[in-house]
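Okay, so the sequence shown: first residue is 50 according to our numbering, each after it adds one.
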Amino acid sequence: MRSNATYLSYAQTGKFSSLIGDYLNKDHKIEPFYNHFPDLQGVQLSMEERKHFPTDRNLIADVFTKAYANMGASEIQLQNIHRLRNENCFTVCTAHQPNIFTGYLYFIYKTAHAIVLCQKLKDSFPDKDFVPVFYIGSEDNDLDELSRFRINGKLYRWHTDQTGAVGRMHPDSQLSSLISQIESELAHLPFAADLIKILKSAYAPEMDLA
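Structural data, given as structure tokens:
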């Protein structure tokens, strides 16, 4: 079965500011605010510039290796960590706040886009390696934003007395109650049991949100 796709410009969605539109259209008035446009030419120039910033690659790879030692890293993750040691390896980085249960859908999209971008860059620059890196801004303390999410249009919110950086907070009884509510909401959907199992494991009391 073949489906038809309809493509919209960012401006047509009505979801982005005029600044974003100007940036994507390469408007000259905002050129002073960035170095290179994110096209293949811009990537090429960025890689050339990166050569002038020496980096202790072995230290970075060692830190990643230690962090993933007890996490059951996949073979491709281990290969990517090893690639970081090489001068011809570059990273595509993206980040997000520690929203509970991943928060907004674009958390998933931006993760997938970083991976796909690495694959496309490898096709364009076959003599280079590209590794996607995703990190959590765990020092964020905007609990009001990070503690809410929606399922089927219904707003859920984690109420906790904990303060400070959200990434340092720990799951509590209120968060466990939210998971139970989600379990009831999703019970009739495929893979619901698997999802709830993942949530209960990820948000165990001994873990922090980071």
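Note that CB positions come from ideal geometry on N, CA and C, so glycine has one too. All of these numbers come straight from a predicted model, not from anything done at the bench.
### Query
Among the residues of its own chain, which have a CB less than 8 Å from the CB of I228, if the five just before and after it don't count?
I245, L248, K249, Y252
### Coil, strand or helix - P181 by DSSP
strand
### Query
When the Cα atoms are used, what is the spatial distance from G70 to F82?
14 Å
### Query
Skipping 5 residues on each side, what residues in its chain have a beta carbon closer than 8 Å to that of G213?
N190
### Query
Are the segment 187-205 and the segment 138-156 touching, with three or more C-beta to C-beta distances below 8 Å?
yes
### Query
Which two residues bound the contiguous alpha helix (DSSP H) that contains F113?
106-116
### Query
Between H101, L224, M96, which lies nearest to M256 when the distance is taken from Cα to Cα?
L224
### Query
Is the segment 164-173 touching the segment 130-138, taking contact as three or more C-beta pairs under 8 Å?
no
### Task
Go ahead and pull the three-state DSSP assignment for A60.
helix
### Query
Does the segment 150-167 touch the segment 107-126, meaning 3 or more C-beta pairs lie closer than 8 Å?
no
### Message
Judging by CA-CA distance, which residue of F139, L238, L166 is the nearest neighbour of P103?
### Response
F139
### Query
Are the Cβ atoms of N137 and K177 separated by less than 9 Å?
yes
### Beta-carbon proximity check, L94 vs N84, cutoff 9 Å
yes
### Message
On the DSSP letters alone, give me the boundaries of the beta strand (DSSP E) that V141 sits inside.
### Response
138-145
### Task
Determine the direct distance from the alpha carbon of F86 to that of Y56, and round the result to whole angstroms.
22 Å
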